[in-house]
Amino acid sequence: MSINEVRYLPECGSTNAYVKEHFEEFGPVGAVYTTNQTAGRGRLGRTWVNAEGKALYYTVAIREPLAQPATLPLLASLAVRRQLSLRYGVECQIKWPNDLLLNGKKIVGILCEGVSYGYQQQGRGILCGIGINLAQPQSYFDAADLPHGTSLALQGANVDLTTDPEWLAEALTDFGFDRPMYVFARDGFAPFREEYKKACVNIGRRVTFDLPGGGEGSGEAVDIDEEGRLVVRTDSGEEHVFTGEVSVHGIYGAV
Numbered sequence: 021m022s023i024n025e026v027r028y029l030p031e032c033g034s035t036n037a038y039v040k041e042h043f044e045e046f047g048p049v050g051a052v053y054t055t056n057q058t059a060g061r062g063r064l065g066r067t068w069v070n071a072e073g074k075a076l077y078y079t080v081a082i083r084e085p086l087a088q089p090a091t092l093p094l095l096a097s098l099a100v101r102r103q104l105s106l107r108y109g110v111e112c113q114i115k116w117p118n119d120l121l122l123n124g125k126k127i128v129g130i131l132c133e134g135v136s137y138g139y140q141q142q143g144r145g146i147l148c149g150i151g152i153n154l155a156q157p158q159s160y161f162d163a164a165d166l167p168h169g170t171s172l173a174l175q176g177a178n179v180d181l182t183t184d185p186e187w188l189a190e191a192l193t194d195f196g197f198d199r200p201m202y203v204f205a206r207d208g209f210a211p212f213r214e215e216y217k218k219a220c221v222n223i224g225r226r227v228t229f230d231l232p233g234g235g236e237g238s239g240e241a242v243d244i245d246e247e248g249r250l251v252v253r254t255d256s257g258e259e260h261v262f263t264g265e266v267s268v269h270g271i272y273g274a275v
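Residue numbers for the sequence shown follow the numbering used here, so the first one is 21 and each next one is one higher.
Structure representation (structure tokens):
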């Protein structure tokens, strides 16, 4: 039993949209989850393909003031990585900033959004939506045009769809977000930086990234700084990347 409120929804259009609508009903940390999300957002405008009963769709609501809210996606990737390791014995890699990979394929996607709530929308919070591919067959990824996606079951994990969604939702809420939030809210990403770097697949690889003024830059990813930015060594010096698309040599077919 979770020490925080964790709501199960038999069906939901979007867990992120639900949390936005009900944000004020939650305490400092609370969450909702479903295994049947009918109106999610596909990546890069792709049509959403539901995997009823085969995936976990989870959103956590955070009302705590955060020192570095922009780095929450990085904390979230660590939170999921830890719980998947505990439940299934798998060691996922993180593609900066927050994709989780297993054997080079994407198994978790994360989307964080700011929320305004309360009187005249003066309250500020943040929500973090997480999709975990539990047991979709290969035909799902083919139909969804996701050639670089996979599920835990496809990668050999022993997935129990009757118990795992609830276990993961409660573990993520209590141990993935609530417990580290005491440190993260005050100190930001810095205390979690070394753990993140060890799991980050970008480090030591050639990457291509969007430049703020347009165009692309490329170089070797060498570090993650204390603000969660990807540090890239280029021919003209170091770039600290925080937004835009980043492709990694050898990942998702990038060359």
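Glycine residues also receive a C-beta, built at the ideal position from the N, C-alpha and C atoms. Given the structure is predicted, the values throughout are model-derived calculations rather than measurements.
Straight-line spacing of the CA atoms in Tyr108 and Tyr77 works out to 18 Å. Between Leu154 and Ser171, the C-beta spacing is below 9 Å.
Taking C-beta atoms as the reference points, Asp119 and Val128 count as a pair closer than 9 Å.
Residue state for Lys40 is assigned as helix, using DSSP reduced to three classes. Around the CB of Asp184, 16 or more other CB atoms lie within 10 Å, so the residue is classed as buried. With a threshold of 16 other beta carbon atoms within 10 Å, Arg83 meets it and is buried.
In the DSSP assignment, Lys218 falls outside any beta strand (DSSP E) and within the unbroken alpha helix (DSSP H) covering Arg213 to Ala219.
Ala90 is the residue among Thr35, Ala90 and Cys32 whose C-alpha sits nearest the C-alpha of Asp207. At a Cβ-Cβ threshold of 9 Å, Ala87 and Gly50 do not count as neighbours. Sequence-distant Cβ neighbours of Glu265 in its own chain, meaning closer than 6 Å and more than five residues away, are Asp230. Closest option to Asn56, judged by alpha-carbon separation, among Ala37, Tyr38, Gly47 and Gly33: Gly33. Inside the segment 185-242, DSSP marks whole beta strand (DSSP E) runs of 3 or more residues at positions 226-230, from first to last along the chain.
Nearest Cα to Ile146 within the set Val179, Cys112, Ile152 and Thr79: Thr79.
The C-beta distance from His168 to Arg226 rounds to 18 Å, too long to fall under 8 Å, and the pair is not in contact.
Under the DSSP definition of a beta bridge, Ser136 partners with Arg144.
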